[in-house]
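In this note's numbering, the protein residues as written are 6 to 345.
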Ligand SMILES: [Zn+2]
Ligand SMILES: [Zn+2]
């Protein structure tokens, strides 16, 4: 006679899985993962839909495990503990971010740059993510979440963290006039941080996107316009969230001598060639890759003190493909969140 398993959760779960890049996610019933050593089993309460998910689904990021459950802005309850888990108990509200595992031993990990670990694993890309009822995650890379509902917290887990890392890379609260290109999930969080620090936010949207422009104005931007428009003042720094390479020379042409342009996305269309004078006078161009756990701890402590408020658009899990398509087409402001 078969004995009942120790796991008290369901045996199977609903999940949206990617089998073939370029094709829609497939709704499926799959086994609930078992938490391995050091892992927590998380019942997903909310999972944000990030532009990186689009790059995975569209095949622009070329090394997913297949099939894969996307999603790396996960907030849920710890449902079961694997062996040797420290720091979390059953019932805790946790966030599971993009950085899922690092080696801890390479030169980058040792130097506090675990975001650059060549062996790093990523949630919803090389590990299964949160477009499902449950996910298993290495507890060392999870964050405690408090001060927010699961739905409101989900976008903080990537849009918030990457925006924060980009903002720090752009000089933190030092630049007075801060340009933000692409006013979606990341920008709407970052704008609140910058405004709270007394910075002036210049928001650039798709030309004619009045909904995004009104949204940016409502969040305190001092100037809003299309990405084809020239701001009335030099910018001290600029952050690109739109995955559009054409915006790199545009942003460089808008920052003052010595100003910095930071690209926050993981993928971007090709950058066109541009005259050296746009980079001349000690302007600089940086990319931001992934996150460190320190970014997460700092930002998740900072966000409720401002307090950052996220604007979310909930979708049922089964409508993940619709949510991705709406994101691609810019059909909503703020952040899409799947609710299993
Ligand atoms: Zn490493
Ligand atoms: Zn993301």
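No residue lacks a Cβ here, since even glycine has one placed at the ideal position from N, Cα and C.
Residues near residue i by beta carbon distance below 6 Å, same chain, minus five either side
i           : result
residue 6   : Note on residue 6: pLDDT 43, under 50, position unreliable in the model; the coordinate value appears next. Counting only Cβ-Cβ distances below 6 Å, and skipping sequence neighbours, we find nothing.
residue 35  : 20
residue 345 : 49, 138, 322
residue 187 : 246, 247
residue 305 : 148
residue 268 : 245, 292
residue 208 : 185, 188, 221, 226, 229
residue 141 : 38, 40, 44, 46
residue 80  : 50, 51, 100, 150, 155, 158, 159
Residue i CB to nearest heavy atom of ligand 1 below 6 Å
i          : result
residue 52 : no
Nearest candidate by alpha-carbon position, reference residue i, set the options
i           : options            : result
residue 39  : 163, 122, 48       : 48
residue 144 : 243, 42, 249       : 42
residue 265 : 176, 112, 333, 332 : 176
residue 120 : 304, 306, 300      : 300
residue 37  : 65, 85, 54, 66     : 85
residue 28  : 60, 91, 134, 190   : 60
residue 160 : 240, 326, 314      : 314
residue 343 : 130, 209, 58       : 58
residue 96  : 189, 68, 151, 297  : 151
residue 165 : 317, 92, 255       : 317
residue 132 : 24, 276, 73, 256   : 73
residue 354 : 180, 134, 224, 179 : Nothing can be reported for residue 354: it is not among the residues displayed for the chain, which extend from 6 to 345.
residue 211 : 262, 335, 256      : 335
residue 233 : 256, 219, 216, 217 : 256
residue 55  : 196, 307, 167, 83  : 167
residue 219 : 180, 110, 338      : 338
residue 26  : 18, 33, 75         : 75
residue 179 : 263, 117, 87, 103  : 263
residue 281 : 258, 78, 213, 81   : 258
residue 194 : 172, 215, 213, 214 : 172
residue 64  : 130, 134, 307      : 130
residue 307 : 15, 279, 153, 174  : 153
residue 98  : 82, 110, 112, 87   : 82
Residues of its chain near residue i, where Cβ-Cβ distance is below 7 Å and the 5 sequence neighbours each way are ignored
i           : result
residue 8   : Note that residue 8 has pLDDT 43, beneath the 50 cutoff, so the model's placement of it is unreliable and the number below is only indicative. Nothing listed; no residue qualifies.
residue 108 : 114, 122, 124
residue 238 : 182
residue 277 : 250, 251, 254
residue 3   : Because the chain in this structure spans residues 6 to 345, residue 3 falls outside the shown range and cannot be described.
residue 326 : 29, 30
residue 206 : 183, 185, 196, 199, 200, 225, 226, 227
residue 328 : 54, 320, 341, 343
residue 331 : 337, 341
residue 216 : 338
Distance cut-off 6 Å: residue i Cβ against heavy atoms of ligand 2
i           : result
residue 147 : no
residue 215 : no
Spatial neighbours of residue i in its chain, beta-carbon cut-off 8 Å, leaving aside the 5 residues before and after
i           : result
residue 302 : 148
residue 260 : 184, 239, 240, 241, 242, 243, 266, 288
residue 11  : Only weak support exists for where residue 11 lies, its pLDDT of 48 falling under 50; the value from the coordinates is given anyway. Excluding sequence neighbours, residue 11 sits near nothing in its chain.
residue 24  : 31, 71, 72
Cβ distance (whole Å) where residue i is taken to contact residue j below 8 Å
i           : j           : result
residue 311 : residue 227 : 18 Å between Cβ atoms; not a contact.
residue 128 : residue 92  : Not quite, the Cβ-Cβ distance comes to about 18 Å (not below 8 Å), so this is no contact.
residue 66  : residue 272 : 6 Å
residue 163 : residue 270 : 11 Å between Cβ atoms; not a contact.
residue 102 : residue 296 : 6 Å
residue 213 : residue 231 : 6 Å
residue 298 : residue 146 : 6 Å
residue 117 : residue 77  : About 21 Å; that fails the 8 Å criterion.
* Taking a cut-off of 5 Å, which residues have a beta-carbon closer than that to any heavy atom of ligand 1, in chain order? -> Ordered by chain, the residues meeting the criterion of a beta-carbon within less than 5 Å of a non-hydrogen atom of ligand 1 are 107, 108, 111, 114, 122.
* Quick one: residues with CB closer than 5 Å to any heavy atom of ligand 2, in chain order, please. => This selection yields 55, 57, 163.
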